[in-house]
Structure formats: structure tokens, C-alpha cells
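Engineer: Pasting in a structure now, in C-alpha cells, and then I'll have a few things to ask.
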Amino acid sequence: MENLQTRKRNWTRWLVILVIAVLAALFFALDLGRYFTLATLKDQQAVLMKFYEAHTLLTIGIYMAVYIVMAALSLPGAAVMTLAGGAIFGLLAGTVVVSFASSIGATLAFLAARFLFKDYVQARFKEKLQMINRGIEKDGMFYLFTLRLVPVFPFFVINLAMALTPIRAGMFYGVSQIGMLPGTIVYVNAGTQLAQIQSTGGILSPDLILSFVLLGLFPWIAKIFTGFVKRRRVMAAYRKPKSTDYNLVVIGAGSAGLVSAYIAATVKAKAALIEKHKMGGDCLNTGCVPSKSLIRSAKILHYAKRAEDFGLKSAAPDYQFSDVMDRVKGIIKKIEPHDSVDRYTQLGVDCYTGTARIVSPYEVEVDGKTLTARSIVVATGARPSVPPIPGLDQVGYLTSDNLWELTELPKRMLVLGGGPIGCELTQAFARLGANVTQVEMAPRIMGREDPDVAELMRQRFESEGAAVLTDHKAKAVEIENGEKTLICEHAGRDVRIGFDAILVAVGRKANARGFGLEELGVTFNPDGTIATDEYLRTRVPNIFCAGDVAGPYQFTHAAAHQAWFAAVNALFGRFKKFKVDYRVMPWTTFTDPEVARVGLNETQAEEKGVDYKTTRYPFKELDRAIAESEEEGFIKVLTRADTDKILGVTIVGAHAGDIVSEYVLAMKHGLGLNKILGTIHVYPTLAEANKFAAGEWKKANAPQKVLDWIGRFFQWMRS
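Under the numbering used here, the residue at position 123 of the sequence shown is numbered 123, and the numbers go up by one with no gaps.
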């Protein structure tokens, strides 16, 4: 059915093209253009005026029909037609008639071009047009209005160009009619004095064109001024100090806060950094560092169980869970100096330990002391989200915040959540010897990855002894005779799961409220993050955000990325502002095998209707993976259907988080698979898989007919 509709649409396109081509050919073949010259208009003015007096409405109808057809087909002669409108109808009536005729004709040209070309152009150049599309969606009215006001831009080019953008047809018509009105008036007025005109080119003097340019810039000036007024209105209630203690005050010393303060110190700005808990934030103390340390210890235990895979008869490590947790704490201690007060003090940053409260756009209180600053960066991070499950608060649940206080391994561990944190810790605790049950309310774990990836990981967890329960919705927690039980709903019935410890890993919630932003009128997104513009600026123009508190990504590397934009815009925004760029954002779930991704996966490509090809390369064919006995997994590359341009990559395998970086670089700088294929990779390495994946794409897209002819040539050479 879909193919039939596509075929029908294509036939309609060809029919429209044929009609346009025939009409245009007739126009030139019959030399109809001779009727739309200034000389002809002057010669026939008296005849046209007499006909108009005798048949007023008919004349207007014929005139509008001819004008609309000429504008719709982008035929030459529009300027003469406009002059004719003034010569025949006079200034007032001529302006009205020409305005409607030209706008209707332009809109028809716009609609025809959109029908014929938009889908192809948007599909072919989708990535390159993304920024233009966003600009049009946001400021399309201003762009079009400016172009219409300045007569030096050919109107037919504007019609065709705007048709390829997302601007709505109704807006196109309305803005075109208003935007073309000044130029229409000038030409119609000139038409009322037809005898004095020697050529259409002389109607627009340089001074008049300059006036139109200034008029075209007016909407942008008005927009900038309106934004300035809005910002002034927000700031009007607060007294700006004559001088400030700091150029920048940063609240929160996690990844985003540390990078923001570091950038300020690097450019010799005076900065303050406030942290109420521990320097390094969640990543160092309760997130990335401790979890990866625990995962590593668990992996070594798993290697011991796989001793025969490596030619060893047995390996039975003697370990205590408390020693593993001591190692985790020791690793945190090793990394702490990188994020310490001492280090940042040496960099020139004033570090404060305490609870911050923003009392004005220029003032931050911390434990009774008021710091003044020109700008503020809020980098307060996020905390584990705990669902309102009845009875949960009675069992002493664990989260990624307090998990690291465990000294004894729970015999039965229940992990609530199938996202990255839940999956990583499900596998780690199963390998450490706990009986782990993972509960996820969605149809599969790792919901943002493709189904084949989620299924591979589910099978891996279960092969290592973990029970993975999907489509199980947690309803309540009960304690009966000291036995802790989670009650879930599955397939319309209750399922009871006993546990000794329950880890809640269902996501994170932004730390966005409770320190003064609400009182300043800062707005928030539906997910609880702070609302910012493309410069990471809040509604209060000198307060910026970065990291988990800003969203949309909750990764340490995303927080550091945002921090550069927030800090630079806060410090240098009066001279130059930079829009935050999320186009190529990678991430990794550090299970074993790791799951890394950048760009689109197959699920997203299907949802967005992207025309793509998938190339897969299994690690079981890679020499280094075979040598390492790490053959599980694959690389899956999505490219455009007709080019080697990379749309997205999913890697499941050992060290996938390291391997994916080559694709991140390639996508960032527009390099395709041919460039990766032509790059020397060290042998034997896991990174070679990228080159072999590119080779698989090349093989699938080889020109078979050419190769057949080459084969015949070599056969002839042998004969």
C-alpha cells in the first residue's frame, strides 16, 4: 500500500513538472514576453485604460489571473505587470490588486516547489539543513520579512528557497504580502507616472534601496531591542553593584562546576567555587569513579571463573567484599587531588564549603557571607530519583549515593531499574556473588538501545546468574516476619520477590530548587531541569547552567562540554556568545561487554523516517578479540542509503567506550567510512574493528557491474 502511494505521489510530481514545463515552453515559444515590456505597456496604455473603464471587474480578474500565473511559474515580466497595475488602476486600487495577485502567485510557486523538491532536499541534506531548519522554525518570519523588504533579492528565488524549509504556508503568504507591500507601492506609484519612466531599472535609486535595507533590518533591531528590554525588566528589581568580588561564581563542584571554574581561572578571571558536600561531586564520590572501580573488581572475579578460557585449569581467588569496597574508597582517594580545594586554590579559584543561596542576580550567600559577581553558573547536579512505592521507605533502600557504605555483600540483591546504572550494578553484584534480581517496568532493559542490544545483554546477565524481570511494575514493599518482599504487577497478576537489599536505580532528578532560583523567576522544564536558551542562559540573563541540572544529558562528559559554553558565555557573552552543540553526543554503559553509542540507532532512524543502511561487523572475526577471548558483540554502523556518511554507531563489545571515539571524531568533522577505511590501524588491536566495519560497508556497496567487467578483462589477459 505504501509503495502504491509513493508511486502515485511520484507520478503526480512528474505531472506537475510536465505542466510547468509546457506552460513555460509555450511562453517562450510564442514569444509572449514581448507583451510584457515597458515599450508595449506605454503603447497600449490608452487601450487598456479604455477597456478598464468599460469592463472594470473583468479587467481586474484578467489582470490578477495573468499576474498570478506569471508569479507562480516564475516567468519574467513581474516588474512591468506591477507598473501596469499602477497605470491602469491607480495608486490605491493598483496597490491592493497587485499585492494580492503577487502574494497568491508567490505562494503557489512556494507550494509547487515544496511539493516537488522539499522531501528530496531535506532527506539528501538533512544534517546540513538542521541548523537552518531550527533557525527558520524560530525566526523564519524575520528572515522572510527581511528578504521581502529588500528588492535586490529576486522574489522567485525567495519563493523556491523558502519552500525547502519548514516555514508554514500560511505564514509565508502573510509575511510575503506585508513584506512586499512597500516595494509594491513604489512600483505601482511609478506606474501612475508611466510616461516619465525610461526603464524598470531606474525606478529603484540607491537611496531607495538603502531605505529598504534599513527597513528590512528593522524587525531584527526590534527583536534585539525587545530582548534587551525583557532582560532589563528582569534585572530592574535588583541593584547592580558598582563593583563585584568576582567575575564568576560557580555553585557546585562536580564535573560542570569544576570545568567552569577552571576555564575562568585559565583566562585570569576571578572566580569562586561553592560546594556544600565533597569536591568532585557525584562522579568522583558516588558515581562514575566508584562504580567503575567496583565493576573492575567484579570483572577480575569473573575472569577467574573463566580460567579455562585462558588455558588455566583453575583460579579461585579468596576475597572479602569489604576489601573490594575498601579498594573503591582507595581509588576515590587517589583521584581526589585532581578535584581538590588545594588544586583549585593554586589555580586561583576561591573555594567555599557550604550551602549557597542566590539572593539576587549579582549576589550569592554562603554560610552567612555574601559574594558578589557579574555572572553565576549553576552546576548543582542531580540526585537519585526515588519512586513513591508504598513501604519502600521502611526497608532502608539503597541508591547510588549510599551504596558505597556497604561492608557486607547482600545475599539477595534486588535492583529496581533497567537503565545504565541498574544494568551496570546488576552485573557487578551478580559477579561478586549476590543473587541478583533486576526488575524493569518497560518491555526490555536498556530501553534507549536497539532491541537486539538489549536482548544480548539480558542473555548475558542471565548466563551469569542474574534474574531479569521485564514488564514488572513495582507496586509495594512489605516486611512480614523480617522477610522483605517487593510486590510487582506482571501480566495482570501480582508477583512477589524476596530480597535482603534493594537498590533503587530508576533515574536521577535535577537539584534545581531550594537555593533561590524560584524567587528570581527562573523557569523549569517539565522534567525538573532548569530552562535555558541555546547559550545555557536562564531567564535571568547573567545566570547560566551546566551539567545534570540543565539536562538534557546526564553524563560527566556532557556536563564538561556544557561547562565550556556556560563559562565562556558568562565571561565573554557581551562580545561573543556560543550556542551549545549537542550534534555528536556519545555515551557508554559499562557492562561487560560494554555498550557504546553515538548518533542514531536503528529504532530512532525508523521513528524519524530516515533512509539508511546498516553495516554490521562481529567481534568474533577480529584477531585481537579472538586472542583476548572477548569475541562477544558487534559494531553496527548506520549510514545514509546512498553515501558513506555516518548517521550513528552502536558498539557492543570489550572496550566499546574506547573504540567509539573514532566514530565520534568522524561524525563531528563530517568524515565518512571511506576515510576510516583509508586510515592505517595498528594490528592487532580492537580498534581495527572500525576499519573492518568500513570494509564491510565498502564490500556491500562495491560497483558489481564494473567489477564484472574488470574480471572479464583479467580473464582476457590470462588467455
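Every residue gets a Cβ at the ideal spot worked out from N, C-alpha and C, and that includes glycine.
Given the structure is predicted, the values throughout are model-derived calculations rather than measurements.
#1: Give the range of the alpha helix (DSSP H) segment to which V341 is assigned.
#2: A558 and M585: beta carbons closer than 8 Å?
#3: Pull up the distance between the alpha-carbon of V261 and that of K333, whole angstroms please.
#4: If we ignore side chains and look at the alpha-carbon of each, how far apart do M717 and D708 end up?
#5: State yes or no: is the C-beta of T380 within less than 8 Å of the C-beta of I251?
#6: I need the boundaries of the alpha helix (DSSP H) containing I104, first residue and last residue.
#7: Restricting to Cα atoms, I'd like to know which of S102, A700, Y319 and N247 is closest to A264.
#8: In angstroms, rounded to a whole number, what distance separates the CA positions of G418 and L456?
#9: Return the bridge partner residues of V477 from the DSSP annotation.
#10: For the candidate residues A546, T437 and T372, whose alpha-carbon lies nearest to that of R239?
#11: Would DSSP call M1 helix, strand or coil?
#12: Name the two residues that bound the continuous alpha helix (DSSP H) containing Q177.
#13: Assuming the contact rule is C-beta atoms closer than 8 Å, L23 and L73 should be a hit. Round their C-beta distance to whole Å, please.
#14: If the criterion is Cβ atoms closer than 8 Å, does the pair A382 and K509 meet it?
#15: Please classify S697 as buried or exposed, where buried requires at least 16 neighbouring CB atoms within 10 angstroms.
#16: For R444, tell me which candidate among S103, E408, A428 and H472 has the shortest Cα-Cα distance.
#17: Go through its chain and collect everything with a Cβ distance to L91's Cβ below 7 Å, but skip five positions before and after it.
#18: Taking three-plus beta-carbon pairs below 8 Å as touching, is the stretch 402 to 419 in contact with the stretch 528 to 545?
#19: Can you name the residues that DSSP bridges to S243?
#20: So, helix, strand or coil for F544, using DSSP?
#21: Taking the straight line between their C-alpha atoms, what separation do you get for G507 and D323?
#22: Taking 8 Å as the threshold (beta carbon to beta carbon), is A24 in contact with chain B?
#23: Within 10 Å of its beta-carbon, does L58 have 16 or more other beta-carbons around it, so buried, or fewer, so exposed?
#24: Take G94 as the anchor and find which of V157, L638, V186 and G105 has the nearest alpha-carbon.
#25: So, with DSSP's three-state summary, where would you put M667?
#26: Give the straight-line distance between the Cα atoms of D623 and F115, rounded to the nearest whole angstrom.
#27: From the DSSP secondary-structure annotation, give me the bridge partner or partners of D350.
#28: May I have the straight-line CA-CA distance separating P76 from S102, to the nearest angstrom?
#29: Work out the CA separation of P337 and A272 for me, nearest whole Å.
#30: For G695, which of helix, strand or coil comes out of DSSP?
#31: Are the CB atoms of V652 and F634 nearer to each other than 8 Å?
#32: Of the residues L409, I88, I20 and A71, which one's Cα is nearest the Cα of V47?
#33: Using 10 angstroms around the beta-carbon of V378, count the other beta-carbons present and answer buried if the total reaches 16, otherwise exposed.
#34: Nearest by alpha-carbon distance to Y319: which of M667, T650, R34 and I300 is it?
#35: So for I635, helix, strand or coil by DSSP?
#36: Can you look up A531 in the DSSP assignment and give me helix, strand or coil?
Structural biologist: Concretely, from the data shown:
#1: Per DSSP, V341 belongs to the alpha helix (DSSP H) from V341 to L347.
#2: yes
#3: Reading off the sequence shown, one finds Ala at residue 261, where the question assumed Val. Rounded to whole angstroms, A261 to K333 spans 22 Å at the Cα level.
#4: Their Cα atoms are separated by approximately 14 Å.
#5: yes
#6: L91 to A113
#7: N247
#8: Roughly 14 Å separates the two Cα atoms.
#9: L486
#10: T372
#11: Because the pLDDT at M1 is just 46, under 50, the model does not fix this residue reliably, and the value given afterwards should be weighed accordingly. In the three-state reduction of the DSSP assignment, M1 falls in the coil class.
#12: A169 to G191
#13: 6 Å
#14: yes
#15: Contrary to the premise, residue 697 reads as Trp rather than Ser in this sequence. So W697 counts as buried.
#16: Taking each of S103, E408, A428 and H472 in turn and checking the Cα distance to R444, the smallest one comes out for H472.
#17: V188, N189 and T192
#18: Contact fails: fewer than three Cβ-Cβ distances are below 8 Å.
#19: None, per the DSSP bridge assignment.
#20: strand
#21: 28 Å
#22: Absent from the structure is chain B; it holds one protein chain and no more.
#23: exposed
#24: V186
#25: Helix.
#26: 51 Å
#27: A272
#28: 13 Å
#29: 18 Å
#30: When secondary structure is reduced to three states using DSSP, G695 falls in the helix class.
#31: In contact: V652 and F634 (Cβ atoms closer than 8 Å).
#32: I88
#33: buried
#34: I300
#35: strand
#36: coil
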